[in-house]
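Right, one structure below, let's go through it.
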Amino acid sequence: MPTQKIKRNYRKAKYVLYKETLVDFKEHFWAFAGAFTGMGIIAYLQYNMFPKQDFVFLIGSFGASCVLVYGVIQSPLAQPRNLIGGHVISALVGVTAAKLFPDTIWLASAVAVALSVVMMQITKTLHPPGGATALIAVTGSPAILKLGYWYVISPVLTGATILLVVALIFNNMTSNRQYPTSKKFTKFKNRIRHAARRSKI
919 MPTQKIKRNY RKAKYVLYKE TLVDFKEHFW AFAGAFTGMG IIAYLQYNMF PKQDFVFLIG
979 SFGASCVLVY GVIQSPLAQP RNLIGGHVIS ALVGVTAAKL FPDTIWLASA VAVALSVVMM
1039 QITKTLHPPG GATALIAVTG SPAILKLGYW YVISPVLTGA TILLVVALIF NNMTSNRQYP
1099 TSKKFTKFKN RIRHAARRSK I
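When we follow our numbering, the leftmost residue of the sequence shown carries the number 919, and every step to the right adds one.
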């Protein structure tokens, strides 16, 4: 039943958010360290590449990703597939909308955001900040619009990849944190732990 599925997903989301608020000081520290490092690298690399307006928007998009990737790491919306796929797919949709409706910004904006949501749903890469990434492709300065589909590669893919690499490091620094949450990664992490213990013996 659709209603039962909605209730189940709601309970799951509620549990994830509740569990994230129970982390101790060490977990808060690693969340801060990861967000600071990931955002710092992106800001440093992109600050001189784009006009001030674009820079603020781009940081806003990736800043929202930081909340998920470093603060709510167990959320399905924060997983690597969602982080990378959500941004990249939304960027593709945004650039396409900008090219189809170059003289009608309001229409291009609406199409970019609405279609990016649907495409993320279809590809199971739903990542809320992706909506902002699609919108930036339409409402950005001439420098952004001039990039065309290169916008998908840089700054979008490069920025999302930086956040992912930093997340893989900082979100696995303690035994209480694991990112991503997939069973395959859990097995991989356990093998590394066992191997480390054996080497100490």
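Where a beta carbon is used, it is the ideal one built from N, C-alpha and C, also for glycine. Just so we're clear, the structure is a prediction, and the values are computed from it rather than from any experiment.
The segment 1062 to 1069 / the segment 1083 to 1095 touching (three or more Cβ pairs under 8 Å): no
Span of the alpha helix (DSSP H) holding lysine 1042? Mapped onto the sequence shown, residue 1042 falls at position 124. Element bounds for lysine 1042: n/a, residue is neither H nor E.
In the DSSP assignment, find the unbroken alpha helix (DSSP H) run with methionine 957 in it and report its ends. The residue given as residue 957 occupies position 39 in the sequence shown. From DSSP, the alpha helix (DSSP H) with methionine 957 extends over 943 to 964.
How big is the Cα-Cα spacing for proline 969 and serine 1059? The residue labelled residue 969 in the question sits at position 51 within the sequence shown. The residue labelled residue 1059 in the question sits at position 141 within the sequence shown. When rounded, the distance between both Cα atoms is 8 Å.
Rank Phe1088, Thr1099, Val987, Lys1101 by C-alpha distance to the C-alpha of alanine 951 and give the top, closest one. The residue labelled residue 951 in the question sits at position 33 within the sequence shown. Here the closest residue by C-alpha is Phe1088.
Can you tell which of Gly989, Lys1042, Leu1053 has its C-alpha closest to the C-alpha of serine 1027? Sequence index remark: in the sequence shown, residue 1027 carries index 109 (1-based). Ranking Gly989, Lys1042, Leu1053 by Cα distance to serine 1027 puts Leu1053 first.
Could you name the residues of the same chain whose beta carbon sits closer than 7 Å to that of phenylalanine 973, not counting the 5 residues immediately before and after it, in chain order? What you label residue 973 is simply residue 55 of the sequence shown in a count that begins at 1. So the list reads Gln964, Tyr965, once near-sequence residues are dropped.
Below 8 Å, how does it come out for the segment 1004 to 1020 and the segment 1031 to 1050: are there three or more Cβ pairs, yes or no? yes
Nearest-angstrom Cα separation, counted from glutamate 945 out to lysine 1017: The residue you call residue 1017 lines up with position 99 of the sequence shown. The residue you call residue 945 lines up with position 27 of the sequence shown. Taking the straight line from one Cα to the other gives about 44 Å.
Between threonine 1057 and the rest of its own chain, which residues show a CB-CB distance below 7 Å, the 5 nearest in sequence each way excluded? Your numbering for residue 1057 matches position 139 in the sequence shown. So the qualifying residues of the chain are Ile1023, Ser1027.
Output the boundary residues of the alpha helix (DSSP H) element that contains alanine 996. Residue numbering aside, residue 996 sits at position 78 when the sequence shown is read from its first letter. Unbroken run through alanine 996: none, as it is neither H nor E.
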